[in-house]
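Protein chains in written order, with the working numbering: chain A, 86 to 237; chain B, 86 to 237; chain C, 86 to 237. Don't be surprised by glycine CBs; every beta carbon is placed ideally from N, CA and C. One structure is given here, and the rest of the page talks about it.
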Amino acid sequence: MSIYTTLQSLGITLPEAATPAAAYLPFVQSGDLLFVSGHISKRDGRVLAGQLGRELDTAQGRQAARGVAIDLMGTLHAACGDLRRVRRIVKLLGLVNSTPDYTEQHLVINGASELFGEVFGPAGQHARSAFGVAQLPMGAAVEIELIAQLQD
Amino acid sequence: MSIYTTLQSLGITLPEAATPAAAYLPFVQSGDLLFVSGHISKRDGRVLAGQLGRELDTAQGRQAARGVAIDLMGTLHAACGDLRRVRRIVKLLGLVNSTPDYTEQHLVINGASELFGEVFGPAGQHARSAFGVAQLPMGAAVEIELIAQLQD
Amino acid sequence: MSIYTTLQSLGITLPEAATPAAAYLPFVQSGDLLFVSGHISKRDGRVLAGQLGRELDTAQGRQAARGVAIDLMGTLHAACGDLRRVRRIVKLLGLVNSTPDYTEQHLVINGASELFGEVFGPAGQHARSAFGVAQLPMGAAVEIELIAQLQD
């Protein structure tokens with residue numbers, strides 16, 4: 086099953102590529118590595134804000150992380166033209182907006198990690214780090230940065 | 086206009102390369118990628134400390150981030166001998182010392198991102214992540230880590 | 086003196102490679118770069134938890150970071166078959182579970198950085214960033230992510 090068929094069967098529509106901000110780019114390629122900027126959690130085009138352990142629980146955080154993964158795939162599609170050019174999802178850096186007592190960042194970021202596995206299969210299996218940050222831009226619940234390896 | 090002329094026109098003097106710490110190096114090259122260690126904010130050679138949302142406001146944070154970018158350029162110059170060997174600023178990781186309620190980390194790190202664009206032009210446009218950390222070494226306000234691609 | 090002799094002389098036994106989690110991998114190789122997932126601090130196979138500035142002091146944090154470095158070496162050994170295939174420890178990302186007032190993250194992560202230098206010699210000297218995070222998965226005291234360059 087192709088990546089796009091899998092996305093369709095999961096009911097996922099990729100978003101348009103994010104409009105580049107003034108000061109930086111959504112991605113930069115160097116050799117065959119694609120460095121994708123941190124994407125923050127959104128819902129219906131607006132920032133999905135909140136701190137885990139205060140306004141949001143782990144299930145909500147997982148959903149937020151899954152949404153970020155979909156946005157990252159939209160950016161990968163924009164960067165590559167075709168997601169089949171993604172040879173490997175190499176690494177995620179998963180940042181979770183956390184109170185000083187919230188300790189389930191790994192479960193939150195699983196919402197993104199599992200979707201990459203479902204959509205890309207073995208090529209979607211990646212290294213990663215997940216941790217709790219004091220805050221995120223615009224109060225976002227989750228931010229994820231990604232490195233992918235592309236076909237030459 | 087060359088990079089050094091641009092720096093001069095902006096009134097920027099690059100600092101001497103940071104003295105390597107005992108336990109780690111200011112940069113390591115691997116292939117054509119240069120991995121530059123996190124640089125913390127300084128003023129007049131001393132740590133520029135303070136937490137955003139407590140001791141410092143966004144404008145002060147922007148200035149701190151701009152100062153870190155200048156220090157990073159000093160390290161890039163030391164690593165390369167000549168900044169024209171920088172083919173691309175690939176990625177910044179921008180850490181902002183933040184209270185649990187401060188949400189303008191992106192505006193703070195713009196102080197660095199915009200300077201890379203001004204000085205390096207299109208080669209200075211980069212991917213990045215910006216987020217709020219609970220604290221930084223020696224209480225620094227900002228820490229930025231960088232990956233650059235060098236000419237072969 | 087070989088790497089394994091050095092480890093023996095330091096009384097260090099490398100752990101078995103971590104069992105891969107369901108959602109992600111302990112490491113991914115891309116070209117000659119090995120991206121190693123964040124490893125959290127453990128003692129006797131259980132999470133070594135606690136926040137610096139609250140339950141743990143800097144000396145205890147250093148020990149925790151040294152332990153993470155040993156676990157990372159176990160993963161490097163599993164990834165490479167032989168640690169002599171590690172051409173260079175390129176970069177560490179050192180995350181310290183910190184109260185909003187704890188500012189010695191660099192001293193904590195030195196516990197890992199210094200061990201890499203002792204065990205690998207010049208090949209162990211690396212770039213790095215160290216910073217304080219609001220929390221870590223399962224309340225771990227320290228988490229460290231690593232990039233290494235391998236022999237072709």
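Any C-beta of chain B under 8 Å from that of residue i
i, result
"L99 of chain A", "no"
"G224 of chain A", "yes"
"L133 of chain A", "no"
"V113 of chain A", "yes"
"V193 of chain A", "no"
"Y109 of chain A", "yes"
Neighbour flag for residue i against chain A, beta carbons, 8 Å
i, result
"H124 of chain B", "no"
"A219 of chain C", "yes"
"L235 of chain B", "no"
"L118 of chain B", "yes"
"V227 of chain C", "no"
"E199 of chain B", "yes"
"A102 of chain C", "no"
"L92 of chain C", "no"
Cβ separation of residue i and residue j, assumed to be a contact under 8 Å, to the nearest whole Å
i, j, result
"L177 of chain C", "I194 of chain C", "7 Å"
"G159 of chain C", "L133 of chain C", "At roughly 16 Å, the Cβ-Cβ gap does not stay under 8 Å, so G159 of chain C and L133 of chain C are not in contact."
"A219 of chain C", "A208 of chain A", "A219 of chain C to A208 of chain A, Cβ: 32 Å. No contact."
"T91 of chain B", "E199 of chain B", "The Cβ separation is near 13 Å, so there is no contact."
"I232 of chain C", "L118 of chain C", "6 Å"
"L99 of chain A", "T143 of chain A", "Wrong, their Cβ atoms sit about 26 Å apart, outside the cutoff."
"T184 of chain B", "G224 of chain A", "With 8 Å as the limit, T184 of chain B and G224 of chain A do not qualify as a contact, their Cβ atoms being about 12 Å apart."
"L221 of chain A", "L180 of chain A", "6 Å"
C-beta neighbour in chain C for residue i, strict 8 Å
i, result
"P185 of chain A", "yes"
"T188 of chain A", "yes"
"E203 of chain B", "no"
Identity of the residues DSSP links to residue i by a beta bridge
i, result
"G217 of chain A", "A:V181 and C:Q220"
"V113 of chain A", "A:F120"
"Q234 of chain A", "A:L118 and A:R173"
"L137 of chain A", "A:L141 and A:S183"
"R147 of chain B", "Per DSSP, none; premise fails for R147 of chain B."
"E101 of chain B", "Answer is none; E101 of chain B lacks a bridge partner."
"H225 of chain B", "According to the sequence as given, residue 225 of chain B is Ala; it is not His. Answer is B:A134, bridged to A225 of chain B."
"A256 of chain B", "Chain B is shown only over 86 to 237; residue 256 of chain B falls outside these bounds and no answer can be derived."
"I88 of chain C", "For I88 of chain C, which the question treats as bridged, DSSP gives no partner whatsoever."
"A108 of chain B", "Answer is none; A108 of chain B lacks a bridge partner."
"A212 of chain B", "B:K176"
"I125 of chain B", "B:E228"
Distance CB(residue i)-CB(residue j) smaller than 8 Å
i, j, result
"S115 of chain A", "Q114 of chain B", "no"
"E228 of chain A", "H162 of chain A", "no"
"L168 of chain A", "Y89 of chain A", "yes"
"G217 of chain A", "Q190 of chain A", "yes"
"F205 of chain C", "A212 of chain A", "no"
"A226 of chain C", "A106 of chain C", "no"
"A164 of chain B", "F112 of chain B", "yes"
"R170 of chain B", "Q236 of chain B", "yes"
"G196 of chain B", "R147 of chain B", "yes"
"E230 of chain C", "S214 of chain A", "yes"
Chain D contact for residue i (CB, 8 Å cutoff)
i, result
"G116 of chain C", "Of the chains in the structure shown, none is chain D; the protein chains are A, B and C."
- Closer than 7 Å, Cβ to any Cβ of chain B: which residues of the segment 165 to 183 of chain C, in chain order? The residues in question are R173, V175, K176 and S183.
- Item | Interface positions of the segment 137 to 167 of chain A facing chain B (Cβ-Cβ less than 8 Å), listed along the chain | Within the segment 137 to 167 of chain A, no residue places its CB atom closer than 8 Å to a CB of chain B.
- Task: Check distances from the C-beta atoms of the segment 205 to 217 of chain C to those of chain B and list, in chain order, the residues that come in under 7 Å.
- Result: Listed in sequence order: Q210, H211, A212, R213, S214, A215, F216 and G217.
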